[in-house]
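Protein chains in written order, with my numbering: chain U, 1 to 360; chain R, 361 to 636; chain V, 637 to 942; chain L, 943 to 1382. For every residue, glycine included, the Cβ atom is placed at its ideal position computed from N, Cα and C. One structure is given here, and the rest of the page talks about it.
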């Protein structure tokens, strides 16, 4: 296994900059997920690592060796494609062994490796079948097996689960985590699904408009999103955002809008902006019977264990998560409290996170 | 609403029948004619034959060099297929699956074969082919047909190639499989139905070719079916219509059999590729 | 700076793969055309005969030749009639037989038969059927009382061009139909379903879904079809030899006649070169006007950037 | 590893392309026997077969030679032969008709054949008229092999039905008979005149021009002289005659003309006696019902007994004396009474006429299965031979413009213009002369 490092990668398509100065160091054995909305440049970045896309500027190193000029086959990476790219005219066994055969492994060796991988992925029964005779999940496993069988330094996976139905996706996700753990492989994984990213990645690189906007562990990203974009993209249901003015009264700072006033958390007393975006996650509220922030219920969605309630706060609508036992009807008035720790503040103009330890 | 729908579909069926009639009735007419004595065809024609005879076919099969012509045509067409398939596959792969400077220009350049009146190319081509010792050989004739089958064949095949997901080649590239191997072991097998269709296209282009065969094939022993047939139907002073009809049937017959066997493939081959 | 790229690295391969086809085309088309250009500047009457270089004389002569100018016009009419007629008809037929019906497979296979028989057969077949007094068309039409006098399909200068267009179309429409059919198969069914759900009628469906999807095919066939049609020779020659009068004498027919029956190869070459230049100009303008379609038809990897 | 294979492949493709361009080298096998190739345009299977019989017998008798026949369609003959000469891979013997000879001679590929001719002439006696069509510049350029000429062919049954006792002798009688025989309701027309831009048209029309006294189309300086009163009357006659022809004669080629007589659609044609087989098989009439007569002439004596004749001959294309020797042996063999008679009788009975005196009374020819039934008609062709001629060959030397005159069917073009645009015969003849003057 090997480390991969991307240094100041840029990619232009014509005049459009689709990957902008991406720098990520991926440790040996790390599972790194590029996550972001579609069109953010994450797949292009992955394809640059694979060698399928030229590098406009910057450098890619695999195991400390610059690979910019190596063809894909010489980079010792394996890739799993979104649509699996199975060779439909070959049996599963041939699909698995094809890369080895092309590298002139001897037949016995190929057979051994293919069998081992087939066993690992529970494909032994399928070896003589053609891809079109397989289910979606089985095909996905063949695609994975084709990567594993080569025992590459790095696995590249481009949304490998997105063609599976929900249940299968959950199951395969678990298997994939186990498997890559077992193999101790370096994995670069691309997805637009933040849940997938959170559950699988050791670290996430959240991308937006060609840039990596935050690179950190899932927990840190969840707890301290670096920008409004990350805060909104990571976490489900998404964070609520309210535009707030900062008022000062009696030496104390308050967050205020047309319908509510909150004290600025102690940790952020040094705040100097006049206006901020305030964010809080729907699950980080506390229902109270009185004295809290008050809003009118507009829509109630049952999610099973919880309910997602849309509240009107003056001109704004926010969403909150409440236990499903609560009996709530639309039109009703609800009151809740917000813990100061639950508040995320973002700069109004550049939308960056305002950190507590700012001292200037 | 239902009834108006069925009226439309019946109408549609009628139009289709009419079109097929226009396209195929001449064949039926000539098929019937081929079993009639010439006398009946020369004089007042009637739709329904009064006499049936095999005489025309006896003349065609036993007294003319029909079988030799068929075999020669078959050889030339086979050569054409063998020559043009690699060129078409390589060309289509090159133009539509790889990127290089001048790709567009070259693909248009190839279409230039259709830009000059072929009849006027005959003399210079004869000279060039003589320099290559390709006169009076089936191979030379096939080379000519190949030149005219390849450009459009490339365009026909590109649709098929384009219907293949690019990930197939990318997966192979990442797996370190050489491009040649990818072409032979992945692209070609995947494009097989399209390639069969192209083979048939090249075959028919060659099968119907007259002008170059007539100019380049000097020896009678090498003459192809269209040449032989022209001798029959455009006999200088007289046309034996019954014989000509039998000859026409005889020229269509091999194609007919070809269609019976692989006709379906042709349609499937070019529509599976879904030309765009 | 050049970067290693999976696709860039293919450049060399791509070039080498197309090379044999290019060499072949140079061999059988470009070299002969060059030799034609050489001849067109001489006074050669018969290939191999003595001659002198006369510069542009043949070209200037041709521009003053009413017959040649007229044949250019006839060629234009022929191309438009054949190109347009064949394209429209084959598109209509393709649309007609694209929807499933009983016997669809039969129709889709056997429709091709006229395309697959030698031109000599086609020519003789139709000449026979068109015959004024003993042709099956005239005799049965007159027998049915549809016609009083026989129609002179090939002997009437007003009709001969139409008859030839019909026969030429009879020959090529099946093939074009199949190409359109293949193209139609590429239109995603969902688009139609969406349009139907949106309440789009047949015409709107055609205009907004079928037609845009067919456009790349239409443009390529528009170009190749025009070139094919403009150089149609065998059918015309074998059926009317350009007659009656000069009513069906298109440029290729006239040039063939000039070269091989008028024994003036240099003049014929000059005429063919003029025709060639016109076609090249047409092709360039056509490609330029439709460049979007052609680029589309060539961009395999355009979707990968997402 | 992959790069190496890839590089190799690219090299391979390069080499492939190169060899493609460089071409394959043929292997010349040196043979002991002398190879001879003749090329002719008699493409119908029966003619090829009859020719092969002659060739096989020749090869058997002269083992030192190996004769081979190539066939090419008339339509492609010129381009192929000129290309062959240009490429230097010509055949040894090439069939020609006079106008074709004048064109091919320009390529420089035709050898003077006087020597060969003289050797052949020792064995057989040629009819002078057929040889004359190939005399130029003091040499003979081809050895005649067979002749063709036009007669008035008619349907005797139709004549009887219409009460016309004998075939027309004058052009006036032709018109009168044609008028009488034209019964459109029966689908019957008096005359099938090919008024089309085809060789059939050229020949029929020229035949009539000759009958009206206009057989010479050039003066001794090869200046066209067709604009004369004789031709005006000929065109006037033809314009009249077209009225008694089937409506679509504008598209008639040989096959249609012949078909018209055989099928009973037309009662008269000017044609070569080329369809004996067809008459027996397809007309439903007997051999005796086919009439053949000399081409009628105007009653005022302004015309002359005349018909178009073609001398089909073989040009010597090789300058190799050994081969030329073989050629003279072959021609003499072919034209020897027995072989020639059999060939004349089977190849295309009636159409191909002997060019030698000895064959004129050839019993083998007359006893051939089909010809024996048409002795009278065939004899008519033989008798007319002295009164025939070929356009453009009636001066000291042939006129080069005859190539275009025939190739582009000027007479037929003028005829077509006259009928289609309804111009006067004077204008038509003037147009004909313009066409001929425009050839430079």
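- Note on residue 374 of chain R: under 16 other CB atoms within 10 angstroms of its CB, so exposed under the neighbour-count rule.
- Sequence-distant partners of residue 507 of chain R (beyond 5 residues in either direction) whose C-beta falls short of 8 Å from its own C-beta, in its chain, are 473.
- Chain order gives the chain L residues near residue 788 of chain V as 1189, 1190, 1192 and 1193, where near means a beta carbon separation below 9 Å.
- Against chain R, the beta carbon of residue 672 of chain V has neighbours under 7 Å at 480 and 484, listed in chain order.
- Proximity of residue 904 of chain V to chain R, defined by a Cβ-Cβ separation below 8 Å, is satisfied.
- Residue 549 of chain R reaches chain U at 89, counting residues in chain order whose Cβ is nearer than 7 Å.
- DSSP places residue 310 of chain U inside the beta strand (DSSP E), whose first and last residues are 306 to 313.
- Of all residues in the stretch 491 to 517 of chain R, those with a C-beta nearer than 9 Å to a C-beta of chain V are 492, 503, 504, 506, 507, 508, 510, 511, 512, 514, 515 and 516, reading in chain order.
- The Cβ-Cβ distance between residue 863 of chain V and residue 726 of chain V does not fall below 8 Å.
- Secondary structure of residue 1035 of chain L (DSSP, three-state): strand.
- Between the stretch 1247 to 1264 of chain L and the stretch 1086 to 1104 of chain L, the count of Cβ pairs shorter than 8 Å is three or higher; the stretches touch.
- Within the stretch 52 to 65 of chain U, those residues whose Cβ lies closer than 8 Å to any Cβ of chain R are, in chain order, 52.
- For residue 623 of chain R, none of the residues of chain U pass the 8 Å Cβ criterion, the least Cβ distance being about 23 Å.
- The beta carbon of residue 68 of chain U lies closer than 8 Å to those of 55, 59 and 60 in the same chain, with the five residues before and after it left out.
- Contact between the stretch 1157 to 1171 of chain L and the stretch 1192 to 1199 of chain L is absent, with fewer than three C-beta pairs closer than 8 Å.
- Residue nearest to residue 1327 of chain L within the set L:1025, L:1374 and L:1299 is L:1299 (criterion: CA-CA distance).
- Looking at the backbone, the Cα of residue 847 of chain V and that of residue 65 of chain U are separated by about 52 Å.
- Secondary-structure assignment with DSSP links residue 1093 of chain L through a beta bridge to L:1213.
- At a cut-off of 8 Å between C-beta atoms, residue 532 of chain R does not count as an interface residue with respect to chain V.
- From the beta-carbon of residue 525 of chain R, the residues of chain U found nearer than 8 Å are 83 and 85.
- In chain order, 541, 542 and 546 place their CB closer than 8 Å to the CB of residue 532 of chain R, counting only its own chain and leaving out the 5 sequence neighbours on each side.
- A straight line joining the alpha-carbon of residue 1148 of chain L with that of residue 898 of chain V spans about 18 Å.
- Bridge pairing for residue 1325 of chain L: absent [DSSP].
- In the same chain as residue 604 of chain R, and ignoring 5 residues on each side of it, the C-beta atoms closer than 8 Å to its own belong to 592 and 593, in chain order.
- Beta-carbon to beta-carbon, residue 119 of chain U and residue 88 of chain U are separated by about 24 Å, too far to satisfy the 8 Å threshold.
- As DSSP reads the structure, residue 1068 of chain L sits in a beta bridge with L:1298.
- Taking every protein chain shown into account, the CB of residue 1006 of chain L has fewer than 16 other CB atoms within 10 angstroms, so this residue is exposed.
- For the 8 Å CB-CB criterion, residue 86 of chain U and residue 142 of chain U form a contact.
- Shown here for residue 1065 of chain L: same chain residues with a beta carbon closer than 8 Å to its own, the five before and five after excluded, namely 1274, 1277 and 1278 in chain order.
- In the DSSP assignment, residue 299 of chain U falls within the beta strand (DSSP E) that extends over 293 to 302.
- Within the stretch 979 to 995 of chain L, contact with chain R at the beta-carbon level (separation under 7 Å) is assigned to 985, 986, 987 and 990.
- CA-CA distance, residue 184 of chain U to residue 156 of chain U, rounds to 14 Å.
- Residue 91 of chain U sits in coil when the DSSP states are folded into three classes, being neither helix nor strand.
- In the three-state DSSP reduction, residue 49 of chain U falls in the helix class (H, G or I).
- Note on geometry: alpha-carbon atoms of residue 1113 of chain L and residue 1122 of chain L lie some 14 Å from one another.
- For the stretch 573 to 588 of chain R, residues whose beta-carbon sits nearer than 7 Å to a beta-carbon of chain L comprise 574, 575, 578, 579 and 580.
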